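All letters in the sequence shown, in the order written, are residues 51 to 483 by our numbering.
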Amino acid sequence: MKSDVKPAVCVVGLGYIGLPTAAIVARSGCQVLGIDVSSHVVDTINRGEIHIEEVDLDGLVHGVVARGLLKASTAMAPADVFVIAVPTPFDKNHAPDISYVLAAGEAVAKVLKAGDTVILESTSPVGTTEQLRDLIARLRPDLKCPGLTSETPDLSIAYCPERVLPGKILEELTNNDRSIGGITPRCARKALSFYKLFVRGECVVTDSRSAEMTKLVENAYRDVNIAFANELSIVADTMGLDVWEVIRLANRHPRVNILTPGPGVGGHCIAVDPWFIVHGAPEQTPLIRTARGVNDGKIHHVISQAEALIAAHPDKQVACLGLAFKANIDDFRESPARLVAVTLARKFGSRIKVVEPYASELPKEFAGTSAQLIDIDSALESTGILIVLVDHDQFKAVPVAERARHLVYDTRGIWLDQPKAAEAAPAGLKLAS
Ligand code: SAJ
């Protein structure tokens with residue numbers, strides 16, 4: 051890849067990371083081919099449209115497709131740089147499944163030529179990039195692979211995790227620092243020259259195993275810290291304390307920064323990636339494993355608190371506010387809020403209403419319950435209990451005057467001005483916390 055010529059780039063996997071990456075690389079002037087196994091995804095992108103929701107992504111994709119810089123296909127083709135951004139789920143025993151990475155590597159191997167760079171971006175257990183290299187070496191004995199030859203290798207292979215926040219993906223893809231881990235330092239330098247084309251943040255080079263671990267550590271760090279906040283909230287419920295007040299005061303210490311309790315941890319990253327570390331070192335990870343348990347346990351704590359409140363007020367209708375896994379997004383997968391709401395709907399039937407500004411209908415698992423999707427105004431008018439599960443801006447904006455007569459169980463701490471109604475709550479339940 052000559053420094054003055056833009057490389058041809060192939061992005062494998064056009065999901066939440068692959069598609070924005072492909073579009074941003076195309077915007078930098080590279081010719082980009084996006085590969086996906088779904089012909090629906092490929093056709094949608096080739097029309098200049100998108101199949102996922104992300105701020106400003108539709109306009110960007112439309113623009114680069116219209117300018118002929120981004121094309122999608124189900125068929126692999128030669129390129130200079132290959133970026134693999136496919137899912138790495140875990141199985142029922144929390145063991146990481148890298149089969150999509152290896153399948154992508156197999157497809158890439160068929161079209162590789164000397165001088166190419168292969169970069170893995172998928173969150174992966176430590177050692178995956180080396181496994182990918184070994185696979186390519188087996189499939190293409192004609193190409194010298196890094197770390198397996200004493201001569202100058204024909205290929206460069208590196209790991210560079212994404213660390214973007216859903217809802218801010220385009221901004222963070224450009225501005226966040228990146229860790230670039232090469233199988234060898236030369237591989238890292240090759241990958242660095244690619245990221246320099248579109249990343250404004252600092253690109254820090256390292257080895258592939260350190261870069262793999264870095265990604266897992268970032269999300270495990272967050273999970274452990276959220277677990278601390280969630281555990282505090284359960285302790286506070288038991289002691290009859292207001293957890294928000296305790297955290298607010300403790301965070302005035304210059305070296306204390308407690309995160310925000312919630313109904314549990316959702317999404318596809320923070321609740322998943324810590325298991326990759328636990329799986330790699332099961333005997334050495336009691337803290338990381340326990341944090342996962344605390345965060346999953348918080349969902350059940352919230353369910354039992356909500357059930358007690360609803361059961362104690364049989365005359366009142368109930369609104370569950372939010373289904374998304376976090377604020378201001380339309381992603382309901384792996385969402386504690388959705389699990390809480392559907393559990394309450396199954397138990398209390400038509401008393402349960404759901405407000406979710408990002409949904410046009412209730413998810414399938416509500417079928418068979420008599421729960422109804424209503425808007426926030428109807429909820430405020432027609433229900434007596436509000437259970438805050440997501441901190442959407444729409445809910446935060448409800449003034450105290452419009453909810454003062456409601457019993458509120460606020461799992462996110464969005465309405466700290468809510469009048470206390472402790473006398474109405476069952477023992478142990480501190481309303482509005
Ligand atoms: N949450 C809390 N309390 C908090 C912060 C978050 O309960 O104080 C909950 C959220 O409500 C949500 C979950 O945690 O259910 C995760 O939300 P998030 O916004 O913290 O993170 P994600 O999953 O959207 O994105 C994370 C980010 N990782 C870190 O912040 C270390 C992002 O930078 C990663 O790129 C992304 O995972 C990923 O793809 O791995």
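Glycine included, every Cβ here is placed at the ideal spot set by N, Cα and C.
Quick caveat: nothing in here was measured; it's all calculated off a predicted structure.
{"Item": "Identified DSSP bridge partners for C231", "Value": "Looking at the sequence provided, one finds Gly at residue 231 rather than Cys. Partner(s): Y209 and T256."}
{"Item": "Straight-line Cα distance separating F140 from I320", "Value": "13 Å"}
{"Item": "Range covered by the beta strand (DSSP E) that runs through V82", "Value": "V82 to I85"}
{"Item": "Residue of V404, K470 and Q422 minimising C-alpha distance to V438", "Value": "V404"}
{"Item": "Those runs of the alpha helix (DSSP H) which lie wholly inside the region 269-346 and span at least 4 residues", "Value": "293-300 and 323-330"}
{"Item": "Three-state secondary structure (DSSP) of C195", "Value": "coil"}
{"Item": "Residues that S123 bridges to, as DSSP identifies them", "Value": "I85"}
{"Item": "Extent of the continuous alpha helix (DSSP H) to which K446 belongs", "Value": "D443 to K446"}
{"Item": "For I426, the first and last residue of its enclosing alpha helix (DSSP H)", "Value": "I426 to S432"}
{"Item": "beta-carbon F248 near the ligand SAJ non-hydrogen atom, thresh 8 Å", "Value": "no"}
{"Item": "Through-space distance from V254 to V448, alpha-carbon basis", "Value": "44 Å"}
{"Item": "Touching by the beta-carbon criterion (3+ pairs, under 8 Å), the region 68-76 and the region 186-203", "Value": "no"}
{"Item": "Length of the line joining the Cα atoms of E333 and A421", "Value": "44 Å"}
{"Item": "Straight-line gap, A429 to P364 (C-alpha atoms, nearest Å)", "Value": "17 Å"}
{"Item": "Extent of the continuous alpha helix (DSSP H) to which I74 belongs", "Value": "G68 to R77"}
{"Item": "Among T178, P211 and S283, nearest to I308 - alpha-carbon criterion", "Value": "S283"}
{"Item": "Proximity test, V244 beta-carbon vs the ligand SAJ heavy atom, cut-off 8 Å", "Value": "Looking at the sequence itself, residue 244 is Phe, so the reference to Val does not match. Not so, every heavy atom of the ligand SAJ lies at least 8 Å from the Cβ."}
{"Item": "Cβ-Cβ separation, C370 to L389 (assumed contact under 8 Å), whole Å", "Value": "Not a contact, Cβ separation roughly 11 Å."}
{"Item": "Close Cβ partners of A145 (< 7 Å) along its chain, the five nearest in sequence each way excluded", "Value": "H329"}
{"Item": "Contact test: P386 Cβ vs the ligand SAJ heavy atom, cutoff 8 Å", "Value": "yes"}
{"Item": "Distance between V440 and G347 (C-alpha atoms, nearest Å)", "Value": "18 Å"}
{"Item": "Straight-line gap, A454 to Q468 (C-alpha atoms, nearest Å)", "Value": "7 Å"}
{"Item": "The region 174-186 contacting the region 255-272, beta-carbon criterion three pairs below 8 Å", "Value": "yes"}
{"Item": "Among C195, V136, P128 and R183, nearest to L162 - alpha-carbon criterion", "Value": "P128"}
{"Item": "Distance between A409 and D425 (C-alpha atoms, nearest Å)", "Value": "10 Å"}
{"Item": "Beta-carbon contacts of P324 that lie in its chain and below 6 Å, excluding the five residues immediately before and after", "Value": "A270, D273, I338 and R342"}
{"Item": "Residue from K121, V315 and C210 with nearest C-alpha to A374", "Value": "V315"}
{"Item": "Where K480 falls, given that 16 or more other Cβ within 10 Å makes a residue buried", "Value": "Its pLDDT being 47, under 50, K480 is placed unreliably by the model, and the measurement read from it follows with that caveat. K480 comes out buried."}
{"Item": "Span of the alpha helix (DSSP H), counted from its first residue to its last, around D106", "Value": "Unbroken run through D106: none, as it is neither H nor E."}
{"Item": "Cut-off 7 Å between Cβ atoms - residues of its own chain near G118, not counting five sequence neighbours on either side", "Value": "none"}
{"Item": "The ligand SAJ heavy atom lying under 8 Å from the CB of A279", "Value": "yes"}
{"Item": "Residue environment, K240, which counts as buried when at least 16 other CB atoms sit within 10 Å", "Value": "buried"}
{"Item": "Exposure label - K142; buried when at least 16 CB within 10 Å", "Value": "exposed"}
{"Item": "Span of the alpha helix (DSSP H) around Y150", "Value": "S149 to A159"}
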